[in-house]
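Counting from 858, one number per residue, gives the positions in the sequence shown under this note's numbering. For every residue, glycine included, the Cβ atom is placed at its ideal position computed from N, Cα and C. Bear in mind that the values here come from a model prediction, so they are computed numbers and not experimental data. To start, the structure under review is shown below, and the notes come after it.
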Amino acid sequence: MSERKTMTAGMDNTDKEQLQLERLQTTLNRACRNVPFHSNRLSKNNLSDITAIEDLAALPFMDRSHLATHYPYGLFAVPLRDIVRIHTAPGTGVNPSISGYTKTDLVIWQKLVAKSYFAAGVTDADIILIHLPAGLANWARDYKDGGEAIGAGVIPNSPLSVAKTLMVVRDYKVTTLVTTPAFAKHFMDYLFGKAYNPNALNLKHIILVGEPVDGKTISELRDRLYVDVWLNYGLSEIPGPAIAHECRYHEGLHINDDHILPEIINPSTGRPVPSGETGELVLTTLSARAFPLIRFRTGDMARIISAPCPCGSDFTRIQWMAERADNYMIISGIKISEPQIRESLKKTLGMSSLDCTMKRVCQAGTEMLMICIVMDDHLFSDEIKGLEQLVSRAEDNLSEQCGIKVKIRLVQQQRMQEQE
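Below you can see the structure in the form of structure tokens.
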């Protein structure tokens, strides 16, 4: 079976556009019928005006604040008895983001993840090791299900050290590693630090998830480990991983636009950008039953590649950019809201204002959030033992809230200025 036939199921552009429109209209009707949030924003006139895909641009946007506002089940479009899986992710405020899936949703998602494996050349003869941080546990489950769907041997996600990971890759004859860019680089550095020859491994594929990666990192992994490197795009909140994936030509990521419709907008004006220009990626689900998204602003920057792909697929291709359209940081694939972090810290520390900086750091292949807080009279008023306990509690609270490791340092104003 050819790559084109497999990816497009034999549809030409006209057939696909008709399928997209039918699915879009069904999604909008279901959302307005069952979700007050959508019905209050979309009038019957709005829906009747959707006679072409381009008409979608007239509808209002969704963003992460709406997920928090309607916590926990306010955006579900089916009864709870039809929900078979519930995912949580850090939100924009006190409440996390909640998403749900029906049995049909999970079957569709399993097929999309399986397709990303297929595009990377992974088959039922491969052995897959999934190594993702705790904050991407939901993705780990999806990659396990997708791997099992193609008949591959799957080693489910587990918190292994890099030494144990090398042991498993070597002894279990792992051919495919699904992980973050940070851990992939740490694994490579560890292997060469131990003077271990990568030719002694069976590793053939590394699938990178969670964040965009620069060409230098990809080249290093490919050239030093003698593997093919593939990038997958997904959302940590909803619906999950493998929304888009690379084909064997590595010229952009193919979005599964028969299930998820992409737009690129100017993040300042909300208007569509000219073809090929960079802007914010907006997604609309076409087949999700439990949790429909209508023009969801991802905060991710991307551009649509209009030239045909050599693989022959007519699925929309994007280039995923490192910069962002919002005030989120990506740490181990998890989007972290800086304002949310500040509010949580002020509450835990009992402070009305807070002078701090945040940055992503990587230690031993694990990405974490480093927060430097300027010492003031309020903090100095506590005994040092009590202060240490307070900082430790703040670290634990944030780690649990965000699903990543958090480290807090107290610094003097002069040192903060030097770091800036």
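Could you please give the first and the last residue of the uninterrupted beta strand (DSSP E) stretch that includes H1111?
-> Along the sequence shown, read from residue 1 onward, the residue named residue 1111 stands at position 254. Secondary structure note for H1111: its beta strand (DSSP E) is the uninterrupted segment 1110-1112.
Could you tell me whether the Cβ atoms of G1003 and V970 are closer together than 7 angstroms?
-> Position 146 of the sequence shown, counting from 1, holds the residue named residue 1003. Position 113 of the sequence shown, counting from 1, holds the residue named residue 970. Closer than 7 angstroms, so yes.
Cβ-based neighbour list, M919, same chain, cut-off 8 angstroms, excluding 5 preceding and 5 following = On the sequence shown, position 62 is the one that residue 919 refers to. Result list for M919: L1150, I1151, R1152, F1153, R1154, in chain order.
Taking three-plus beta-carbon pairs below 8 angstroms as touching, is the segment 981-1001 in contact with the segment 1050-1057?
-> no
Please list, in chain order, all residues of the same chain as P929 whose beta carbon is under 7 angstroms from its beta carbon, the five residues on each side excluded.
-> In the sequence shown, residue 929 corresponds to position 72, counting from 1. I955.
What are the start and end residues of the beta strand (DSSP E) that includes D1038?
-> If you number the sequence shown from 1, residue 1038 lands on position 181. The question names Asp, yet the displayed sequence has Pro at residue 1038. Going by DSSP, P1038 is part of no beta strand (DSSP E) but of the alpha helix (DSSP H) stretching over 1038-1050.
When the distance is taken between beta carbons, is V1019 closer than 7 angstroms to H1043?
-> Here residue 1043 corresponds to residue number 186 of the sequence shown, with the count starting at 1. Here residue 1019 corresponds to residue number 162 of the sequence shown, with the count starting at 1. Closer than 7 angstroms, so yes.
Go ahead and label R1174 buried or exposed: buried means 16 or more other beta carbons lie within 10 angstroms of its beta carbon, across all protein chains shown.
-> Here the question's residue 1174 lines up with position 317 in the sequence shown. Counting C-beta atoms within 10 angstroms of its own C-beta, R1174 has 16 or more neighbours from the protein chains shown and is therefore classed as buried.
Determine the contact status of E1224 and S1189, defining contact as a CB-CB distance below 7 angstroms.
-> For this step, residue 1224 is matched to residue 367 along the sequence shown. For this step, residue 1189 is matched to residue 332 along the sequence shown. In contact: E1224 and S1189 (Cβ atoms closer than 7 angstroms).
With a CB to CB cut of under 6 angstroms and the five nearest residues on each side skipped, what residues in its chain are close to E1120?
-> One-based indexing of the sequence shown puts residue 1120 at position 263. If we look at E1120 and ignore the five residues flanking it on each side, its Cβ neighbours are V1139.
For E1077, which residues from the same chain have a beta carbon less than 8 angstroms from its beta carbon, with the 5 sequence-adjacent residues on both sides left out?
-> For the purposes of this step, residue 1077 is taken as the residue at position 220 of the sequence shown. For E1077, where only same-chain residues beyond five positions count, the Cβ hits under 8 angstroms are K1042, M1045.
Is the distance from the Cβ of T1074 to the Cβ of P1038 below 7 angstroms?
-> Indexing the sequence shown from 1 puts residue 1074 at position 217. Indexing the sequence shown from 1 puts residue 1038 at position 181. In contact: T1074 and P1038 (Cβ atoms closer than 7 angstroms).
When the Cα atoms are used, what is the spatial distance from C1213 to D981?
-> Here residue 1213 corresponds to residue number 356 of the sequence shown, with the count starting at 1. Here residue 981 corresponds to residue number 124 of the sequence shown, with the count starting at 1. If you take the alpha carbons of C1213 and D981, they lie about 50 angstroms apart.
Could you say which of G1207, M1227, L1206 lies nearest to K1216 if we only look at CA atoms?
-> Sequence index remark: in the sequence shown, residue 1216 carries index 359 (1-based). It is M1227.
Could you pull the start and end residues of the beta strand (DSSP E) that D1157 belongs to?
-> One-based indexing of the sequence shown puts residue 1157 at position 300. Unbroken beta strand (DSSP E) run through D1157: 1153-1162.
Pick helix, strand or coil for P1119, following the three-state DSSP scheme.
-> The residue given as residue 1119 occupies position 262 in the sequence shown. In the structure shown, P1119 sits in a strand (DSSP, three-state: E or B).
With C-beta atoms as the reference, is T908 less than 7 angstroms away from R1146?
-> Start at 1 with the first residue of the sequence shown, and residue 908 comes out as number 51. Start at 1 with the first residue of the sequence shown, and residue 1146 comes out as number 289. Going by C-beta atoms, T908 is not nearer than 7 angstroms to R1146.
Candidates D1171, D1183, A994, L1034: closest to K1061 by CA position | Start at 1 with the first residue of the sequence shown, and residue 1061 comes out as number 204. For K1061, the nearest C-alpha among the options comes from L1034.
Are the CB atoms of A977 and I1117 nearer to each other than 7 angstroms?
-> Along the sequence shown, read from residue 1 onward, the residue named residue 977 stands at position 120. Along the sequence shown, read from residue 1 onward, the residue named residue 1117 stands at position 260. The answer is no: Cβ separation not under 7 angstroms.
Under the three-state DSSP convention, the category L1017 falls into = Position 160 of the sequence shown, counted from the start, is the residue given in the question as residue 1017. In this structure, L1017 counts as coil in the three-state DSSP scheme.
Comparing alpha-carbon positions, which option in Y1083, F1148, C1104, Q1269 lies nearest F1049?
-> Position 192 of the sequence shown holds residue 1049. The residue with the shortest Cα to Cα distance from F1049 is Y1083.
Where do the ends of the beta strand (DSSP E) carrying C1229 lie?
-> Position 372 of the sequence shown, counting from 1, holds the residue named residue 1229. That run of the beta strand (DSSP E) goes 1223-1231.
Proximity to L1092 [Cα-Cα], best of A1006, G1008, K1192 | On the sequence shown, residue 1092 is found 235 positions in, with the first residue counted as 1. Checking every option, the nearest Cα to that of L1092 belongs to K1192.
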